[in-house]
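Numbering (my numbering), first residue to last: 436 to 500.
No residue lacks a Cβ here, since even glycine has one placed at the ideal position from N, Cα and C.
A short worksheet on the structure shown next.
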Amino acid sequence: MIDGRQRKNIKIGLFVEVIQKPHQLFGQLTSGKVAKILTKSPSHPYGIKVKLESGIVGRVKNIVD
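Written out as structure tokens, the structure reads:
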């Protein structure tokens with residue numbers, strides 16, 4: 436499985452599952468294509484923050500093949 440906590444693994448246009456801030460408690464995932472990578476550091480313990488094409492912002496939990 437590709438690690439969503441490493442920035443090098445995330446590319447624009449990649450199909451991913453993210454967790455939004457209000458959904459962290461329940462673990463509800465939202466899927467979509469990456470439009471923009473928001474995290475500047477090479478890694479983040481909770482996942483790289485991205486903006487999806489739908490406008491949703493969240494941290495990458497899974498990268499869908």
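- Taking 7 Å as the cut-off, the beta carbon of Gly-439 is found closer than this to the beta carbon of Ile-498.
- Looking from the CA of Val-469, the closest CA among Ile-437, Gly-462 and Val-453 belongs to Val-453.
- Cβ contact annotation for Ile-483 (same chain, cutoff 7 Å, sequence separation greater than five): Gly-439, Arg-440, Arg-442, Ile-445, Ile-472, Thr-474, Arg-494 and Val-495, in chain order.
- Lys-443 carries a helical assignment under DSSP once its states are collapsed to helix, strand and coil.
- Take the alpha-carbon of Ser-476 and the one of Val-485: they are about 12 Å apart.
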